[in-house]
Each structure stands twice: as structure tokens, then as C-alpha cells.
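Undergrad: Residue numbers (the numbering used here): 826 to 1209. All residues carry an ideal CB built from backbone N, CA and C; glycine is no exception. In this text, all values refer to a predicted model and were calculated from it rather than measured experimentally.
1) Per DSSP, which one or two residues make a beta bridge with residue 961?
2) State the start and end residues of the unbroken beta strand (DSSP E) segment that holds residue 809.
3) Assuming contact is defined by CB atoms lying nearer than 7 Å, are residue 950 and residue 961 in contact in what I supplied?
4) So does the segment 959–973 actually touch the segment 1086–1096, counting three or more Cβ pairs closer than 8 Å?
5) When the Cα of residue 858 is compared with those of 1093, 1202, 1129 and 1103, which residue comes out closest?
6) Out of 959, 1111 and 908, which one is the CA nearest neighbour of residue 843?
7) Going straight from the alpha carbon of residue 928 to that of residue 985, what length do you get?
8) For residue 918, which of 834, 987 and 1009 has the nearest alpha-carbon?
9) My assumption, with CB atoms under 8 Å, is that residue 1098 sits in contact with residue 973. Please give the rounded CB distance.
10) Contact check, residue 993 vs residue 1107 under 8 Å by CB: the rounded distance?
11) Could you check what DSSP says for residue 788 in three-state terms: helix, strand or coil?
12) If the criterion is Cβ atoms closer than 7 Å, does the pair residue 877 and residue 914 meet it?
13) Using a threshold of 7 Å, state whether the C-beta atoms of residue 849 and residue 902 are closer than that.
14) Pull up the distance between the alpha-carbon of residue 847 and that of residue 1013, whole angstroms please.
15) If you drop the 5 nearest sequence neighbours on each side, which residues of the same chain put their C-beta closer than 6 Å to that of residue 922?
16) Identify the residues that DSSP records as bridge partners of residue 828: which are they?
17) Assuming the contact rule is C-beta atoms closer than 8 Å, residue 911 and residue 1001 should be a hit. Round their C-beta distance to whole Å, please.
18) By the three-class DSSP mapping on this structure, what secondary structure does residue 973 have?
19) Taking buried to mean at least 16 other C-beta atoms within 10 Å of its own C-beta, is residue 841 buried or exposed?
20) With distance defined between alpha-carbon atoms, name the residue in 837, 1117 and 875 nearest to residue 920.
21) In chain order, what are the residue ranges of uninterrupted beta strand (DSSP E) at least 3 long that sit wholly in the segment 902–958?
22) At the level of alpha carbons, what is the spacing between residue 863 and residue 948?
23) What did DSSP end up calling residue 898 once you bin it into helix, strand or coil?
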């Protein structure tokens, strides 16, 4: 029987089949206009629900999974960097598909497509909302009707983010691995390139070049122990035990009714959600793994974990004034998915919470960069 265990490696979720998912903090976009891709400002810290025993609500324990802290109206994107083999990844926001707008399903579908294709899709910044655009993921509390879940289904029951991955079936995976082996052999046999225009090693821009995913000076943590740095992994607690708070942290208190959070939408950005050109029969019928991601307010995070949440998001105008980069990404070989009716009609969080008074300073043309043309503890799944 295949291993369906999801593991947490630092702040990375590793789903069976080589899928890697990180949750990245970012700048919140204005809700008018269409914008370049905002930068990554560090990873959200991710913790296993099972490690905090009776400090979390009973419903969270029943669903299992992981949790991360978000501020009201904080924006995020999902990075799939490090995914090693082809996968179909379903992304739910309150158990509404972020790609199709349809209810959460345990089956892959093409019409409309209800998953992102990895590793072709390098990241996902929001719901599929238009031709070549997405609407940014923005955190809002449940109960106002502002979440995607509330607007599409009329109810706010689940909140959070749901992930489920499907691997290629055995035949197609063996074929893909053989093609990759042959490609690698051809690459090794080729003479090294030289001359003007030679590609730099490392693929996408790195931290050294200030590129996408780099640690940004405005929000970069200290090299040791700062936010986004790898957390030391202690020995797992005994069954039923509650881990002690970190040194110097506020003591955690017993559980109470948590302020549940979900994802609404913010501004629009230029990003394609790519169409899968494989037939559905290429994919396994059973998912490789799944995980429920709970969104926690910073006060709840501190109460539950004893850790301080990351600092509040960086000011957008200060980021732009500093000359730091924004991004455009285009894959000429891939086909963008058309938007679906349920997601096209979702309103931004500003329509529910009021205007955003934070000043907006658009990036200058030179600030937008063009890109492209299982260690760890297992995570307990639950009933959701």
C-alpha cells in the first residue's frame, strides 16, 4: 500500500509523490487595476496541530493537519518550488476549489479543471479569475461572508486551505522518469555554452540577484532564529503530551472558541493558471496525500504555541520606494485556463471590510522583472 503520509519539513509541506508547498508572505495589492506579481517576504511558520494537544479547538483536532498565523487582510501566495515529479494538486479555500470555483471533490476533473499542474505551475497567488489573471489570496475572519467560501456557497463552515495531490499512474510515471533520464544524458553530452547571452546557473533569479523568492531587505530576518529561518526539530512528544513553550515565550493557555480565518480575495495580478494537456487517465485515481491548513490569528497563535507571530506585513509604498523588484512570469508553451462563473463573481474583501487606506505607490518599469519566457515529522490527517 502506498504511503499517503504528509510531512512537515521546516515550514515546507511535503506531500507524497514529491510535492512541496510553502506559504509565502507578500504585499497586499490594491483592489483596482491589474498588477505585476508581488514579491515574497518570507515564509509563514507552519506547525502541526497534533503537537498542541488540548490547546487547539476540538474541531481542529478532528481535522488534523497544520496551522499558520495570519493578520487580518494579510496576503499570501503558495510556492511549489522543490516539487520533484509531475503532480495534480487540488487547492481548496474553505473547500471551494481555487481553480474551478466548484465544491471540493475527491476526483480530478478537466471540465472545468479543478487542480494546478505541477511542476509547470510554479506558484499560485490567488483564485483563477480572468484570462491571464488571478485575484490575490487575502485573510479575513469567518462570519462576515467575505471569504470565497461564503460568497460561493452561502455558508462559512470550513475556512483555511485544503491541499490534495495526485501522482501519475505507475505506467506514466515510469515513462516520465525514462524521458527525464534520457534528457539528462543528452544534456551531459552537450558542450558547455559560452559567449554573450549564456544562461546563468541556478534557473530563476536567486537571493543574490534580488530575484523572485529572495529574502527582501525590508522584511528579512536575522540569520539565526529569525522569522523564516529553519526551526530546530525537537524529539517528538510522547503520545498525549503537550510540548513546552519556547524559552522566553508566553505560556500557552487552554483552548477556547478560536477566531477562525479563511481566504477572501484582493487585487488582480497577471498570472496564468495552466491547462493540463494530459488525459485524466494518466493520473492515479486515488490521491497521494492531503492536508488541512488552519489559519490562526496572531493572538491565537501566541496563545496556542507560545510563539510570537511574525511582524505585521511590510508597508507597500516603502517597499516600492526602496527599489525592490516585482515580477512578471509567462510560459509561452502553456495554455491558460478560462475563468469559471463562481469565481468571476467573487467580490474583494474591501467590499466587506471597507476601503484600504494604506497608500499605494506603483512600481516603476525598471522594478518589474520578467521570469522565464521526506525528512520531517508526519502530519495527522482527520475528518474533513
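TA: Walking through what the data contain:
1) In the DSSP output, where bridge partners are listed per residue, residue 961 has 951.
2) Missing from the structure shown is residue 809; the chain here goes from 826 to 1209 and no further.
3) Yes, the pair counts as a contact, with Cβ atoms nearer than the cut-off.
4) Judged by Cβ distances under 8 Å, the segment 959–973 makes contact with the segment 1086–1096, as three or more pairs qualify.
5) For residue 858, the closest alpha carbon among the candidates 1093, 1202, 1129 and 1103 is that of 1093.
6) In terms of CA proximity to residue 843, 908 leads the group 959, 1111 and 908.
7) Going from the Cα of residue 928 to the Cα of residue 985 covers about 15 Å.
8) Of 834, 987 and 1009, the residue nearest in Cα terms is 987.
9) Actually they do not touch by this definition, with Cβ atoms about 15 Å apart.
10) Right, their Cβ atoms sit about 6 Å apart.
11) What the structure shows of the chain is the stretch from 826 to 1209, and residue 788 is not part of that stretch, so it cannot be assessed.
12) No. Outside cutoff.
13) Contact annotation: residue 849 and residue 902 have beta-carbon atoms nearer than 7 Å.
14) Spanning the two alpha carbons is a distance of roughly 31 Å.
15) Here the set comprises 939.
16) Per DSSP, none; premise fails for residue 828.
17) Your pair residue 911 and residue 1001 checks out as a contact, with CB atoms roughly 6 Å apart and the cut at 8 Å.
18) Residue state, collapsed to three classes: helix.
19) Burial check for residue 841: the Cβ neighbour count within 10 Å reaches 16 or more, so the residue is buried.
20) Ranking 837, 1117 and 875 by CA distance to the CA of residue 920 puts 1117 first.
21) Unbroken beta strand (DSSP E) stretches of 3 residues or longer found wholly inside the segment 902–958: 912–918, 941–943 and 951–955, given in chain order.
22) Their backbone Cα atoms lie some 12 Å apart in a straight line.
23) Looking at residue 898 - three-state DSSP - the assignment turns out to be coil, as it is neither helix nor strand.
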